[in-house]
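Residue numbers (the numbering used here): 9 to 487.
Below: one structure, written as structure tokens.
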Ligand code: SF4
């Protein structure tokens, strides 16, 4: 069982995943500088769980065994669990300033738990018991699971079975007496290169003819035929070139994402939790999306807190902290961050019990939270750029600062107020630069579903007919 962050790192060394980065096979993921920040961020979820002051947020009591487990492997047993999840995410974001990746699998476990129960109720299958056995294993071993939902999708105007290449959506290519064989891929898989398992789920609601794509199953990432290709990120060279220029060298800007390929991967039946039940694919996808959208005011609210602190420091180091417009801008940033946090708490507080017994956040409010994140985080970043100044785009390299020939000029001309070392000022400016650029922003936009997916959810669940009815009644309009 993994307890400490050291156990976690050791467990990754012995996994022997097939991982590629920049065209090269990576022999040991824990020794690769491009992966270290992401491993460190995920390791925080293990480390903080052992801190007595955070135990109430980072751990929970398993409803299966009654034992203490990581909250990241827990099935929500009440509204209190839903709220603690959000508090936990904000706390870890304060410690890392980045994505700690483990929530995707957490949400996949909860969505699959509820949905396997529903499938069994209607179809008389035994997926739920199988899933409970699998969950017990994950809880006992304290493993990190990737929530494998997003398929590459190819031509978006076509259904999975209409694609020119049938593998553009992950599918079952063979059913055997002992299990199934998978082919396809999952894209943008957060934390995949430093996880143990992937929980494969369908990527969208499916119709008749697409039964082969209605598959939920758990696959150890070191299974034969599974291959991971790490995704390129903004400023990634800085992970190797310069700790100072990386801004947040220990934890990075976002979680490391990878393309996970399934090349004829065998999965035994005891790890299969949906196989062909197209009627439940929409429910599973919606539940997973809701559970992940619930998170965003927690983790992005927490990351924004760090950024606000960085902006306050930058203004102090540059002598602008007393200006009323700076104080106003910092207050505006706080308002935007607290707004998204409010959304996460609200959808949790309005959560309810599903037939499986697991609790589920209010889907409309979770949806609202994520849509606000896709806007507010850009606004927060915009204000951060305004407060920090153009210097974040033009600072010299760390190697210039360290240069025996020209370092003195960087020291002299990059200085801010007296008594604050130039390097201190550069450190905070680099943190702001890295937290507000490229990949970090895109993740806020598209993680947990793109903004248009949230609009679609409003169209489905926003209850427009009722709103029309209320308006008609007050306006005195009769049908
Ligand atoms: Fe967790 Fe946030 Fe990262 Fe999603 S983006 S995995 S919710 S930390």
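Even glycine gets a Cβ: it sits at the ideal position worked out from N, Cα and C.
On a predicted model such as this, the values are computed, not experimentally measured, just so you know.
Tell me which residues share the same chain as residue i and place their Cβ nearer than 6 Å to its Cβ, disregarding the 5 neighbours each side in the sequence.
i: residue 16; result: 10, 51, 54
i: residue 114; result: 80
i: residue 20; result: 37, 38, 202
i: residue 231; result: 273
i: residue 181; result: 189, 191
Residue i: which of the options sits nearest, CA to CA?
i: residue 18; options: 203, 257, 245; result: 203
i: residue 88; options: 100, 102, 67; result: 67
i: residue 222; options: 187, 288, 278, 437; result: 288
i: residue 333; options: 359, 394, 368; result: 394
i: residue 295; options: 252, 360, 325; result: 360
i: residue 154; options: 195, 338, 98, 350; result: 195
i: residue 366; options: 60, 126, 401; result: 126
i: residue 261; options: 135, 198, 29; result: 198
i: residue 61; options: 43, 34, 74, 99; result: 99
i: residue 131; options: 281, 250, 233; result: 281
i: residue 185; options: 275, 141, 247, 164; result: 275
i: residue 456; options: 407, 391, 471, 379; result: 379
i: residue 77; options: 119, 279, 148, 254; result: 148
i: residue 302; options: 161, 158, 369, 336; result: 369
i: residue 327; options: 409, 425, 306; result: 425
i: residue 409; options: 208, 31, 252; result: 252
i: residue 159; options: 411, 210, 90; result: 210
i: residue 57; options: 33, 93, 254; result: 93
i: residue 342; options: 392, 402, 299; result: 392
i: residue 400; options: 363, 325, 434, 454; result: 434
i: residue 459; options: 227, 229, 377; result: 377
Could you give the residue range of the beta strand (DSSP E) that holds residue i?
i: residue 225; result: 223-228
i: residue 271; result: 265-276
i: residue 52; result: Unbroken run through residue 52 is the alpha helix (DSSP H), 44-55; no beta strand (DSSP E).
i: residue 27; result: 27-29
i: residue 69; result: 67-69
i: residue 208; result: 205-208
i: residue 13; result: No beta strand (DSSP E) contains residue 13, which is instead part of the alpha helix (DSSP H) from 13-21.
i: residue 428; result: Where residue 428 is concerned, there is no enclosing beta strand (DSSP E), given that its DSSP letter is neither H nor E.
i: residue 9; result: Unbroken run through residue 9: none, as it is neither H nor E.
i: residue 405; result: Here residue 405 belongs to no beta strand (DSSP E), and DSSP marks it neither H nor E.
i: residue 280; result: 280-283
i: residue 183; result: 179-183
i: residue 32; result: 32-34
i: residue 155; result: 153-156
Spatial neighbours of residue i within its chain, please: C-beta separation below 7 Å, excluding the five flanking residues on both sides.
i: residue 308; result: 348, 381, 385, 452
i: residue 345; result: 309, 312, 313, 316, 388
i: residue 96; result: 65, 66, 79
i: residue 321; result: 436
i: residue 138; result: 278, 281
i: residue 469; result: 371, 372
i: residue 86; result: 367
i: residue 362; result: 122, 368
Since I believe residue j is in contact with residue i (beta carbons under 8 Å), could you give me their beta-carbon distance rounded to a whole number of angstroms?
i: residue 214; j: residue 270; result: Wrong, their Cβ atoms sit about 18 Å apart, outside the cutoff.
i: residue 440; j: residue 483; result: Not a contact, Cβ separation roughly 50 Å.
i: residue 83; j: residue 156; result: 19 Å between Cβ atoms; not a contact.
i: residue 178; j: residue 291; result: That belief does not hold up - the Cβ atoms of residue 178 and residue 291 are roughly 18 Å apart, past 8 Å.
i: residue 442; j: residue 256; result: 6 Å
i: residue 208; j: residue 236; result: Between residue 236 and residue 208 the Cβ distance is about 14 Å, and since that is not below 8 Å, they are no contact.
i: residue 41; j: residue 330; result: 40 Å between Cβ atoms; not a contact.
i: residue 263; j: residue 49; result: 7 Å
i: residue 293; j: residue 170; result: Going by Cβ atoms, the distance from residue 293 to residue 170 rounds to 19 Å, so no, they are not a contact pair.
i: residue 299; j: residue 119; result: 6 Å
Counting along the chain, where does the alpha helix (DSSP H) carrying residue i start and finish?
i: residue 333; result: 332-357
i: residue 232; result: Taken as a continuous stretch (DSSP letters only), residue 232 belongs to no alpha helix (DSSP H), as it is neither H nor E.
i: residue 452; result: 446-454
i: residue 393; result: 371-396
i: residue 76; result: Note, residue 76: premise wrong, no alpha helix (DSSP H); beta strand (DSSP E) at 76-78.
i: residue 188; result: Counting along the chain, residue 188 falls outside any alpha helix (DSSP H), though it belongs to the beta strand (DSSP E) covering 187-198.
i: residue 139; result: 135-149
i: residue 365; result: Here residue 365 belongs to no alpha helix (DSSP H), and DSSP marks it neither H nor E.
i: residue 125; result: 111-131
i: residue 467; result: 459-469
i: residue 419; result: 415-421
i: residue 311; result: 289-326
i: residue 94; result: 87-104
i: residue 215; result: Here residue 215 belongs to no alpha helix (DSSP H), and DSSP marks it neither H nor E.
i: residue 176; result: Here residue 176 belongs to no alpha helix (DSSP H), and DSSP marks it neither H nor E.
i: residue 474; result: 472-483
For a test of your reading of the model: does the CB of residue i fall under 8 Å from any non-hydrogen atom of the ligand ZN? Yes or no.
i: residue 135; result: Summarising the ligand content, the structure contains the ligand SF4 and does not contain the ligand ZN.
Tell me which residues share the same chain as residue i and place their Cβ nearer than 8 Å to its Cβ, disregarding the 5 neighbours each side in the sequence.
i: residue 12; result: 54, 55, 58
Touching by the beta-carbon criterion (3+ pairs, under 8 Å), the segment 308-323 and the segment 100-115: yes
Inter-stretch contact (C-beta, 8 Å, three-pair minimum) for the segment 240-247 and the segment 430-450: yes
Three or more C-beta pairs below 8 Å linking the segment 418-425 and the segment 349-359: no
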